[in-house]
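A short write-up of the structure that comes next.
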Amino acid sequence: MSSAVHPSAGLSQTDVPFIIRSGIKLAVVQTVFIVAIGLVSRFLEGPAEAGLLAVLLIAGAVFTSFFPGLWVNAREIDGIASAAGIGLLATGVFLLIDVTFLQGNLLPFKLYTHRWLAVGGGSNWWYHPIWWMVGCYMPWLGAWILSNQAAKSGAPSLVGAAVLTLVLAVVIGAAAAVAHFPGAAFNVPTFGIAFLPALAVGTIVTRFGARGK
Numbered sequence: 033m034s035s036a037v038h039p040s041a042g043l044s045q046t047d048v049p050f051i052i053r054s055g056i057k058l059a060v061v062q063t064v065f066i067v068a069i070g071l072v073s074r075f076l077e078g079p080a081e082a083g084l085l086a087v088l089l090i091a092g093a094v095f096t097s098f099f100p101g102l103w104v105n106a107r108e109i110d111g112i113a114s115a116a117g118i119g120l121l122a123t124g125v126f127l128l129i130d131v132t133f134l135q136g137n138l139l140p141f142k143l144y145t146h147r148w149l150a151v152g153g154g155s156n157w158w159y160h161p162i163w164w165m166v167g168c169y170m171p172w173l174g175a176w177i178l179s180n181q182a183a184k185s186g187a188p189s190l191v192g193a194a195v196l197t198l199v200l201a202v203v204i205g206a207a208a209a210v211a212h213f214p215g216a217a218f219n220v221p222t223f224g225i226a227f228l229p230a231l232a233v234g235t236i237v238t239r240f241g242a243r244g245k
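Numbering (my numbering), first residue to last: 33 to 245.
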């Protein structure tokens, strides 16, 4: 990896100002993805909607899960915790952007459709605690996967981590649909949710053969 991503070859970047800057950066990127997903959901239907949502969801999930770990050069527990801290900070920044600009509280523009409101019984606030947990969980386990890769081969692989997790998500999502798990089907939301357990399984898989840190 280049020095622009990793400040040093073997040490994690754990200083607080760097984590704050990275959290803000992650929140801005997440906002772009979420606005794009919201617009696609509002204005498109059918295969076009499903296809674009899949692309945006994959890109957003990969970025959120693995880029914080790359930014901090996650190698040991401190670096992994720093990646999780970036994710947690990003959730707070995004929610500030969300309530200010995306929910229609101050601007005439409102991103979310009535379908989104219906999930929360007429409120958009239902997802905030979920966002805090998921936003911390994804970069935390993503950093574990990258750290395990580095322990085995000397350097993390973004492509390898992303492909492994996506393949596992497809397998888990398909298994849930075949087993008639409540709410599961062969659709974008099911495979999007399956990305979460896929990160946990990927962490276990990449741990095999890794040298102790």
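Backbone N, C-alpha and C fix where the C-beta goes; we use that ideal spot for every residue, glycine too.
Could you tell me the distance, in whole angstroms, from the CA atom of residue i to the CA atom of residue j?
| i | j | result |
| --- | --- | --- |
| L173 | K142 | 33 angstroms |
| V275 | E108 | Nothing about residue 275 can be read from this structure; the chain reaches only from 33 to 245. |
| E30 | G55 | Within the shown structure, residues of the chain are numbered from 33 to 245, placing residue 30 beyond reach of any answer. |
| A93 | F227 | 8 angstroms |
| I52 | A122 | 9 angstroms |
| V64 | D47 | 26 angstroms |
| W164 | G241 | 32 angstroms |
| V203 | V233 | 11 angstroms |
| H212 | P49 | 47 angstroms |
| V104 | G117 | 11 angstroms |
| V125 | T96 | 14 angstroms |
| L84 | S44 | 35 angstroms |
| F75 | L88 | 15 angstroms |
| P140 | F99 | 33 angstroms |
| T132 | V220 | 28 angstroms |
| P161 | A86 | 24 angstroms |
| P155 | Q135 | First, the residue type needs correcting, since residue 155 is Ser and not Pro in the sequence shown. C-alpha separation (whole angstroms): 10 angstroms. |
Thinking C-alpha only, which one of the options is nearest residue i?
| i | options | result |
| --- | --- | --- |
| M170 | P79, E81, I90 | I90 |
| F223 | S185, A201, Y144 | A201 |
| V199 | A230, S179, V48 | A230 |
| L128 | S179, V60, G205, V220 | V60 |
Kindly indicate which three-state DSSP category residue i falls into: helix, strand or coil?
| i | result |
| --- | --- |
| F65 | helix |
| S35 | At S35 the pLDDT is 37, less than 50, meaning the model places this residue with poor confidence; the figure from the coordinates comes in the next sentence. S35: coil per DSSP, three-state reduction. |
| R239 | helix |
| F141 | coil |
| E108 | coil |
| Q181 | helix |
| G205 | helix |
| A217 | coil |
| A59 | helix |
| L89 | helix |
| L77 | Leu is not the amino acid found at residue 77; the sequence shown has Glu there. Here E77 sits in coil by DSSP. |
| F212 | Looking at the sequence provided, one finds His at residue 212 rather than Phe. In this structure, H212 counts as coil in the three-state DSSP scheme. |
Among the residues of its own chain, which have a CB less than 6 angstroms from the CB of residue i, if the five just before and after it don't count?
| i | result |
| --- | --- |
| A175 | G101, A106, I112, A115 |
| G70 | L143 |
| I177 | A193, G234, T235, T238 |
| D110 | S44, T46 |
| L205 | The question names Leu, yet the displayed sequence has Gly at residue 205. The answer, listed in chain order, is T222, F223, A226. |
| L196 | G234 |
Return the chain-ordered list of same chain residues with a C-beta closer than 8 angstroms to the C-beta of residue i, the five sequence neighbours on each side being excluded.
| i | result |
| --- | --- |
| P79 | none |
| G119 | G55, L58, T96, P100, G167, C168, Y169, M170, P171, W172 |
| N137 | V131 |
Using C-beta distances below 7 angstroms, list every residue in its chain close to residue i, excluding the 5 sequence neighbours before and after it, in chain order.
| i | result |
| --- | --- |
| Q181 | P188, S189, G192, A193, T238 |
| A209 | A216, A217, F218, T222 |
Is residue i near the ligand MN, judged by its Cβ being under 7 angstroms from some heavy atom?
| i | result |
| --- | --- |
| P214 | Summarising the ligand content, the structure contains no ligands, and the ligand MN is consequently not present. |
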